[in-house]
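Asker: Have a look at this one.
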Amino acid sequence: MFTRYISESLEQQIIALLDEWATGELGTALSWAKLEKSFGYSRQALSGNRAIKNKFDEAKFALRNRKKSVAVQNARLDELEALKNENLKLSIQVQEFEKRFMRWMHNCHLKAINPLELDAPMGVSFKTAMRARDRT
834 MFTRYISESL EQQIIALLDE WATGELGTAL SWAKLEKSFG YSRQALSGNR AIKNKFDEAK
894 FALRNRKKSV AVQNARLDEL EALKNENLKL SIQVQEFEKR FMRWMHNCHL KAINPLELDA
954 PMGVSFKTAM RARDRT
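Going by this note's numbering, the first residue of the sequence shown is number 834, and it counts up by one from there.
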């Protein structure tokens, strides 16, 4: 069986393992039960050691923040994908408008219409003219 107290060398091994956990290399499900199983000491004995307890808390905090950052990163990737799709749709729409404009210019040339005349502003409608007259 194990000794009653955690030795200095074992404490360093546990701290090294907790450092690995903090990086996420060993997964994100760090618990006292896993440390109990690995080293044979109870949760109370492990958490009673201040250095191990502090490292455990640091590792849990790092893993919690890592999960949040992964969630934020996934959300950003989803947003990026949606924006790429929207950009693709808009690029296709711009190409269609350019093709339509070229057809219009071609048809203007065939009908002997000056394209600049097509861009002239619209005149005032009868209704608008009547409203303006009634106000005066």
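Just so it is clear, CB atoms sit at the ideal spot from N, CA and C, and this is done for glycine as well.
Closest to residue 860 by C-alpha separation, out of 892, 838, 844 and 885, would be which residue?
Answerer: Cα-wise, what sits closest to residue 860 is 892.
Asker: Just how far apart, CA to CA, sit residue 964 and residue 904?
Answerer: Whole-angstrom Cα-Cα distance: 59 angstroms.
Asker: Just how far apart, CA to CA, sit residue 929 and residue 922?
Answerer: In a straight line, the C-alpha of residue 929 is about 11 angstroms away from that of residue 922.
Asker: State the DSSP-derived secondary structure class of residue 969, mapped to helix, strand or coil.
Answerer: Note: residue 969 maps to coil in three-state DSSP.
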